[in-house]
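Numbering (my numbering), first residue to last: 42 to 265.
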């Protein structure tokens, strides 16, 4: 988290603002960040050290048409968070591609879409891991500090409120490596994505690492 010590000048304090009400300034914030990385700075007397002149590429991550339009207008790559907010995926990608304007960073639209992955050695193991992931999310969203038994979590998942938890993971590749790989290929076409973000959702560290390894092997990405 960025912060300014007491006694910092007012320009620096503004550059490090943390006012939650400043969300409506997000487009200006992106331009300001570009200035810090590419130069010249947009706030007189405030420079990024290190950072100035690095030309670090920027990406817009969003889950709505607002982010899609902003990325298109600024000529930036657009990543859609469909791994937890799937509803507007296709509409947002269509808007982004239709309204895209080339920029110094990017001359053609570039779409990245998020998708959940649970790869396992057997289909049964993958489905069990997926159910465990949903139960963990029930605790996260409805627990309020308490833990649920599996039966309690399943009852919540079957309720209208709990259906939202399952819906959040609508785009999920679950199964053996071949099944997961086939799903991802179809999802890339469905989302009209140039690139995918894969979010491995196993609840345990070892299972998550195994999921990464299995996907890497079947996709031809494993190290030799």
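We treat Cβ as the ideally placed atom computed from N, Cα and C, and that holds for glycine.
**Request:** Just grab the DSSP bridge partners of residue 236 for me.
**Result:** Counting from one through the chain shown, the residue named residue 236 turns up at place 195. When DSSP reads this structure, residue 236 sits in a beta bridge with 153.
**Message:** Between 196, 216 and 137, which has its C-alpha nearest residue 114's C-alpha?
**Reply:** For the purposes of this step, residue 114 is taken as the residue at position 73 of the chain shown. Nearest C-alpha to residue 114: 137.
**Message:** Taking the beta carbon of residue 210 as the centre, do at least 16 other beta carbons fall within 10 Å, making it buried, or is it exposed?
**Reply:** If you number the chain shown from 1, residue 210 lands on position 169. With 16 or more other Cβ atoms within 10 Å, it is buried.
**Request:** Give the straight-line distance between the Cα atoms of residue 165 and residue 176, rounded to the nearest whole angstrom.
**Result:** As a working mapping, residue 165 is identified with position 124 in the chain shown. As a working mapping, residue 176 is identified with position 135 in the chain shown. So the alpha carbons of these two residues sit roughly 17 Å apart.
**Prompt:** DSSP three-state call for residue 180: helix, strand or coil?
**Reply:** Position 139 of the chain shown, counting from 1, holds the residue named residue 180. Reduced to three states, the DSSP call for residue 180 is helix.
**residue 171 versus residue 157: straight-line alpha-carbon distance, rounded** = As a working mapping, residue 171 is identified with position 130 in the chain shown. As a working mapping, residue 157 is identified with position 116 in the chain shown. Approximately 10 Å between the Cα atoms of the pair.
**Prompt:** Once you ignore the five residues that flank residue 212 on each side, which residues in its own chain have a CB closer than 7 Å to its CB?
**Reply:** Start at 1 with the first residue of the chain shown, and residue 212 comes out as number 171. Answer for residue 212: 123, 124, 127, 156, 157 and 228, listed in chain order.
**Message:** Mapping the DSSP letters down to three states, classify residue 214 as helix, strand or coil.
**Reply:** Residue numbering aside, residue 214 sits at position 173 when the chain shown is read from its first letter. Three-state result, residue 214: strand.
**Item:** The alpha helix (DSSP H) enclosing residue 133, as first and last residue numbers
**Value:** Residue mapping note: residue 133 aligns to position 92 of the chain shown, counting from 1. First-last of the alpha helix (DSSP H) with residue 133: 130-140.
**Request:** Identify, in the order they occur along the chain, each residue of the same chain with its Cβ nearer than 8 Å to the Cβ of residue 151, setting aside the five sequence neighbours on each side.
**Result:** Position 110 of the chain shown, counting from 1, holds the residue named residue 151. The residues are 118, 119, 235 and 236.
**Request:** Quick one: grab the DSSP three-state call for residue 260.
**Result:** The sequence position of residue 260 within the chain shown is 219, counting from 1. Three-state DSSP puts residue 260 in coil, outside helix and strand.
**Asked** Considering only C-alpha positions, which residue in the set 239, 218 and 73 is nearest to residue 168?
**Response** Here residue 168 is taken as the residue at index 127 of the chain shown, counted from 1. Of 239, 218 and 73, the residue nearest in Cα terms is 218.
**Message:** Quick check on DSSP: helix, strand or coil for residue 228?
**Reply:** Here residue 228 refers to the residue found at position 187 when the chain shown is read from its first residue. Correct three-state label for residue 228: helix.
**Asked** Do you know offhand how far residue 73's Cα is from residue 107's?
**Response** Residue numbering aside, residue 73 sits at position 32 when the chain shown is read from its first letter. Residue numbering aside, residue 107 sits at position 66 when the chain shown is read from its first letter. Distance between the alpha carbons of residue 73 and residue 107: 18 Å.
**Item:** Option nearest residue 162 by Cα separation, candidates 199, 233, 216 and 184
**Value:** Here residue 162 refers to the residue found at position 121 of the chain shown. The candidate whose alpha carbon is nearest that of residue 162 is 216.
**Message:** For the structure I just gave you, are there three or more beta carbon pairs, one from the segment 247-259 and one from the segment 193-209, closer than 8 Å?
**Reply:** They do not touch, by the three-pair rule.
**Prompt:** Any C-beta of chain B sitting closer than 8 Å to the C-beta of residue 211?
**Reply:** Absent from the structure: chain B. Only one protein chain is present.
**Asked** Thinking C-alpha only, which one of 66, 139, 144 and 132 is nearest residue 99?
**Response** If you number the chain shown from 1, residue 99 lands on position 58. Checked all of 66, 139, 144 and 132; the closest Cα to residue 99 is 144.
**Request:** Could you have a look at residue 158 and say whether DSSP puts it in helix, strand or coil?
**Result:** Within the chain shown, numbered from 1, the residue matching residue 158 stands at position 117. Residue 158 falls in the strand class under three-state DSSP.
**Message:** Going by C-alpha to C-alpha distance, which of 178, 242, 101 and 232 sits closest to residue 116?
**Reply:** Counted from its first residue, the chain shown places residue 116 at position 75. Checked all of 178, 242, 101 and 232; the closest Cα to residue 116 is 101.
**Item:** Bridge partners - residue 171, DSSP secondary structure assignment
**Value:** Against the chain shown, residue 171 aligns to sequence position 130. DSSP, once it has assigned bridges, lists no residue as partnering residue 171.
**Message:** If I measure Cβ to Cβ from residue 103 and keep anything under 8 Å in the same chain, skipping five residues before and after, which residues do I get?
**Reply:** Residue numbering aside, residue 103 sits at position 62 when the chain shown is read from its first letter. For residue 103, where only same-chain residues beyond five positions count, the Cβ hits under 8 Å are 109, 111, 112, 119, 120, 121, 122 and 133.
**Asked** When the Cα atoms are used, what is the spatial distance from residue 203 to residue 255?
**Response** Counting from 1 along the chain shown, the entry for residue 203 is found at position 162. Counting from 1 along the chain shown, the entry for residue 255 is found at position 214. Computed Cα separation, rounded: 30 Å.
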